[in-house]
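2 protein chains.
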Amino acid sequence: MNQKSDKTEEKILEAAKSVFLKKGMEGARMQEIADEAGINKALVHYYFRSKEKLFTAIFTNVITYAFPKISKILLSDSDIITKIEQVIDAYIGVLLKHSYIPGFLMKELNRDPSGLFKIIAKYGFNPEPVIGAIQKEMDEGRIIQMDPRHLIVNIISMCVFPFAARPIVQYVGFRDDPVATQHFLEERAEVLKKFIVNAIVIKQKE
Amino acid sequence: MNQKSDKTEEKILEAAKSVFLKKGMEGARMQEIADEAGINKALVHYYFRSKEKLFTAIFTNVITYAFPKISKILLSDSDIITKIEQVIDAYIGVLLKHSYIPGFLMKELNRDPSGLFKIIAKYGFNPEPVIGAIQKEMDEGRIIQMDPRHLIVNIISMCVFPFAARPIVQYVGFRDDPVATQHFLEERAEVLKKFIVNAIVIKQKE
DNA sequence: GTCTATATCATGATAGAC
DNA sequence: GTCTATCATGATATAGAC
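If you read the sequences in order, they're chains G and F. The working numbering numbers the first residue of the first sequence as 25 and each following residue consecutively. The working numbering numbers the first residue of the second sequence as 25 and each following residue consecutively.
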């Protein structure tokens, strides 16, 4: 492999990721990607024939990154509470480091979800075992009875939404102060763990 | 006022709302709006000088609609639990009827939140009284102690996110079955009320 | 592989007839 | 007020020199 080729391709991918995450498929401009990569516009087309193909490459990369091995954690040997706490830490940790991801995904999934579908189908993600594992814990009386799907959606919602809706949270909740907002989001892992555990554990009578 | 003018303007607004909600500012095409209104493209520009102006009209309309009088409910005379239940019913009710709104708002707020800021500033929405009211209930021992902001964000997250992320919920959770997904979303008001009440009420020892 | 120049096309916006 | 025709711009994509 050519050294120059490798470096350029990498630069393009990095620039494309940055631009696509901020602007989305329709808002992004090939010129901007080229500029950010420090090369010519035509060269972007030389490596990735079209904007569509370049976007798909980035989208796939982001999706596979944003779908961490949640199911692996949930299917481990730990008890349900530990699993949930680990999932929350994992989710919030990723979101704190890559805060553009939720907004980007919301944008693109409402535009055209077919890309996501293909990737999920390819990786064969299946929620049934997770649902079954949660149901078992409920049947054994460790946590309250409820539809496991709703529990899963509740947890993911509380993790992801504040990041996806960050501009609103910042403006309405913190008078547009980005530092206070960041601090608020950093607190969320601890807050959520307490909140969810309190919501679902069955308290033993002493 | 001219009758013809009124009807045409109304038709344009209706068409624009439909197209903008589905495609967003950058995805929408003036041609498509004209087609859906059953008129000529030039006529859209005759009524609303630019795409930007037309979008602002729609955006303002949607925002003022999507921000229901949540704070009014929260500041009423009812106890905190009743208030929360009313807010959840109000939120889910609106979202079930206008399911495009969350996706649209997520998209546009991550693109350019300044439009939202102007509108909120104009309407003078202020979260402080709501936060204060919740804090009071906590101090009086009716619900558990936690940062009221986190509680508010938790509630809104669990209401809105499943609608904003509907394509994912449908594909991952329900094998892309829209009927099952719709049913799931309709259940959420009842599920959420139980879940949140269980999470925050302080159980009295008998 | 990398660049400049250009083809091609789509879109927002306007001019001008009726 | 409404239409047809057209402009002006800006974007993707390609051709061809180096």
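Yeah, the Cβ is synthetic: ideal placement off N, Cα and C, and Gly gets one too. All of these numbers come straight from a predicted model, not from anything done at the bench.
Classification of residue i by the beta-carbon crowding that lies within 10 angstroms, buried from 16 upward
i, result
"Lys-107 (chain F)", "buried"
"Ile-226 (chain F)", "exposed"
"Thr-205 (chain G)", "buried"
"Lys-121 (chain G)", "exposed"
"Val-177 (chain F)", "buried"
"Val-203 (chain G)", "exposed"
"His-174 (chain G)", "buried"
"Lys-160 (chain F)", "exposed"
"Pro-153 (chain F)", "exposed"
"Asn-109 (chain G)", "According to the sequence shown, residue 109 (chain G) is Glu rather than Asn. So Glu-109 (chain G) ends up on the buried side."
"Ser-181 (chain F)", "buried"
"Asn-134 (chain F)", "buried"
"Gly-48 (chain G)", "buried"
"Ala-52 (chain F)", "buried"
"Ala-61 (chain G)", "buried"
"Met-25 (chain G)", "Note on Met-25 (chain G): pLDDT 44, under 50, position unreliable in the model; no value is reported."
C-beta atoms of residue i and residue j nearer than 8 Å
i, j, result
"Phe-187 (chain G)", "Leu-209 (chain G)", "yes"
"Ala-189 (chain G)", "Met-162 (chain F)", "no"
"Leu-78 (chain F)", "Thr-32 (chain F)", "no"
"Met-170 (chain G)", "Phe-219 (chain F)", "yes"
"Ile-143 (chain G)", "Ile-87 (chain G)", "yes"
"Ile-97 (chain G)", "Val-118 (chain G)", "no"
"Glu-50 (chain F)", "Glu-50 (chain G)", "yes"
"Tyr-147 (chain F)", "Lys-46 (chain F)", "no"
"Ala-223 (chain G)", "Asp-113 (chain G)", "no"
"Ala-39 (chain F)", "Ile-82 (chain F)", "no"
"Tyr-195 (chain F)", "Phe-141 (chain G)", "yes"
"Ile-94 (chain G)", "Cys-183 (chain G)", "no"
"Ile-57 (chain F)", "Val-43 (chain F)", "yes"
"Leu-216 (chain G)", "Ala-157 (chain G)", "no"
"Gly-165 (chain G)", "Thr-80 (chain G)", "no"
"Pro-137 (chain F)", "Pro-126 (chain G)", "no"
"Phe-72 (chain F)", "Phe-149 (chain F)", "no"
"Pro-172 (chain G)", "Gly-197 (chain F)", "no"
Helix, strand or coil at residue i according to DSSP, with G and I counted as helix
i, result
"Ile-143 (chain G)", "helix"
"Ile-176 (chain F)", "helix"
"Ile-168 (chain G)", "coil"
Inset, instruction - Give, in chain order, every residue of the region 178 to 195 of chain G whose Cβ lies closer than 9 Å to some Cβ of chain F. - result: Sequence-ordered contacts of the region 178 to 195 of chain G with chain F read Asn-178, Ile-180, Ser-181, Met-182, Cys-183, Val-184, Phe-185, Pro-186, Ala-188, Ala-189, Arg-190, Pro-191, Ile-192, Val-193, Gln-194, Tyr-195 [C-beta pairs closer than 9 Å].
Inset, instruction - Compile a chain-ordered list of the residues in the region 196 to 222 of chain G whose CB is closer than 9 Å to at least one CB of chain F. - result: Per Cβ criterion, the list reads Val-196, Gly-197, Phe-198, Asp-200, Phe-208, Glu-211, Arg-212, Val-215, Leu-216, Lys-218, Phe-219, Ile-220, Asn-222.
Legend entry - beta strand (DSSP E) segments (min. 3 residues) lying fully within the region 92 to 134 of chain G: Counting whole runs of 3 or more residues, the region 92 to 134 of chain G contains no beta strand (DSSP E) stretch at all.
Legend entry - Against chain F: residues of the region 56 to 74 of chain G by CB proximity under 7 Å: Cβ contacts with chain F: none found.
Legend entry - Residues of the region 119 to 137 of chain F whose Cβ lies closer than 7 Å to any Cβ of chain G, in chain order: Correct list: Gly-127, Met-130, Lys-131, Leu-133, Asn-134, Arg-135, Pro-137.
Inset, instruction - Return the residues of the region 139 to 157 of chain G that lie within a Cβ-Cβ distance of less than 8 Å from chain F, sorted by chain order. - result: Across the region 139 to 157 of chain G, CB contacts with chain F closer than 8 Å involve Leu-140, Phe-141, Ile-144, Phe-149, Pro-151, in sequence order along the chain.
Inset, instruction - Could you run through the region 156 to 171 of chain F and flag, in chain order, every residue whose CB is less than 8 Å away from some CB of chain G? - result: Going along the region 156 to 171 of chain F in chain order, one finds Ile-168, Met-170, Asp-171 with a Cβ nearer than 8 Å to chain G.
Inset, instruction - Report the residues of the region 36 to 58 of chain F with a CB closer than 8 Å to any CB of chain G, ordered along the chain. - result: Under the 8 Å Cβ criterion, the region 36 to 58 of chain F contributes Lys-47, Gly-48, Glu-50, Gly-51.
Inset, instruction - Can you check the region 37 to 90 of chain F for any alpha helix (DSSP H) of at least 4 residues that lies completely inside it and give the ranges in chain order? - result: Taking 4 residues as the shortest admissible run, the region 37 to 90 of chain F contains the following complete alpha helix (DSSP H) segments, listed from N- to C-terminal end: 54 to 61, 65 to 71, 75 to 90.
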